Amino acid sequence: MTKAKKEFSITFWGTRGTLPAPGELYLRTGGNTNCTELNCGGHTIIFDAGTGIRELGSKICNGVGKGNIDLFLSHAHYDHMEGIPFFAPFFCDKFNVQVWCGTLEGSSSTRETVEELMRPPYFPVGPSVFTADVEYLHVPRWAAFDLTPEIRITTAPLNHPGGATAYRVDFDGRSFAYVTDTESIPGEVNQDIIKLIQDVDLFIYDSSLTDEEFPDFVGYGHSTFEEGMRLCKLANAGAYLAYHHMPFRVDSELDLIEAEIKKTQPKSGVAREGDVIQL
Ligand SMILES: [Zn+2]
Ligand SMILES: [Zn+2]
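Counting from 9, one number per residue, gives the positions in the sequence shown under the working numbering.
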């Protein structure tokens, strides 16, 4: 008898980059900024705290029991952090939340990064209002460690202004990687990313731009959906989903991008808010 596999699911609560995009032209993809939830056999891992984390927080608080939550931040730009003050589990003493962030240039610790976000004149109250048991942790640029005896985390540094961290999760024989925000260099392959996503089952990738748009955005720290396809092939990944959609990218345009991806990589596509994927 084969042993039943444990649940390993991914839920997208926000796949928009840079700025939220409300309005009818964006409804099918969703307008919330970066937030992705992993359920690894009942253990909650969250990548990024964009506006999508508000609704995820409500869902978690309406569930039963107390719990440990691991929140991994890719970096401190607003579109990845702005939901932190609105994440309900921070205001509930039955939760333990571990907030992780990688090395950031100009900011010395994860705690200080959150304190900077929540201080006057930007925000009325500081993180001292949190009633959950919150722990602030640092992830080295290159790390590989066991979050639990069954969950392995691996990291890699990304090419982004101020720094950013990519994460890979290996759990119960399957794997997922979270790779945003990063600037690609035309004609060069980012070997750090290749190493991280080698043979991964699924990864999300910074697909803010198209190859055609890229020259106008050099220096902003982003990449293209075509680069995601190239990395997927080179790293022998199972599939990839375009992520971090620009706020001007309407649903119809993302449909065209998805059709283009599926021409050669039918298992890959576009990450949309509300999508749930079982690995
Ligand atoms: Zn971003
Ligand atoms: Zn960024």
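Think of the CB as a built atom: it goes at the ideal place given N, C-alpha and C, for glycine as much as any other residue.
None of the values given here were measured: they were computed from a predicted structure.
Please confirm whether any heavy atom of ligand 1 lies closer than 8 Å to the CB of G25.
G25: yes, Cβ under 8 Å from ligand 1.
For the segment 217-226 against the segment 173-182, do three or more pairs of beta-carbon atoms, one drawn from each stretch, fall closer than 8 Å, so that the two count as touching?
Judged by Cβ distances under 8 Å, the segment 217-226 makes no contact with the segment 173-182, as fewer than three pairs qualify.
Could you pull out every residue in the same chain whose Cβ sits closer than 6 Å to the Cβ of H252, ignoring the five residues on either side in sequence?
The residues are G25, T188, D214, S216.
May I have a chain-ordered list of the beta strand (DSSP E) segments no shorter than 3 residues that lie completely inside the segment 225-267?
For the segment 225-267, whole beta strand (DSSP E) runs of length 3 or above, ordered along the chain, are 248-251.
Are the beta-carbon atoms belonging to G170 and G114 less than 9 Å from one another?
Yes, they are a contact pair.
Determine the closest residue to G38 out of T163, S260, F55, with distance taken between C-alpha atoms.
For G38, the nearest C-alpha among the options comes from S260.
Hey, would you say the C-beta of H88 is under 8 Å away from at least one heavy atom of ligand 1?
Result yes, Cβ under 8 Å from ligand 1.
Ignoring anything shorter than 4 residues, give me the alpha helix (DSSP H) runs that lie fully in the segment 95-133, in order along the chain.
Within the segment 95-133, the alpha helix (DSSP H) runs of at least 4 residues that lie entirely inside it are, in chain order, 118-125.
Does the distance from the CB of T23 to the CB of T44 come in under 9 Å?
Taking 9 Å as the cut-off, the beta carbon of T23 is found closer than this to the beta carbon of T44.
DSSP three-state label for F138, please.
In the three-state scheme derived from DSSP, where H, G and I count as helix and E and B as strand, F138 is classed as coil.
Thinking C-beta only, is V197 closer than 9 Å to A140?
Contact flag unset, no.
Of all the options C100, A57, R238, which has the alpha carbon lying nearest to the alpha carbon of C297?
With the chain covering only 9 through 287, there is no way to say anything about residue 297.
What residue range does the beta strand (DSSP E) around I53 cover?
Run containing I53: 51-55, per the beta strand (DSSP E) assignment.
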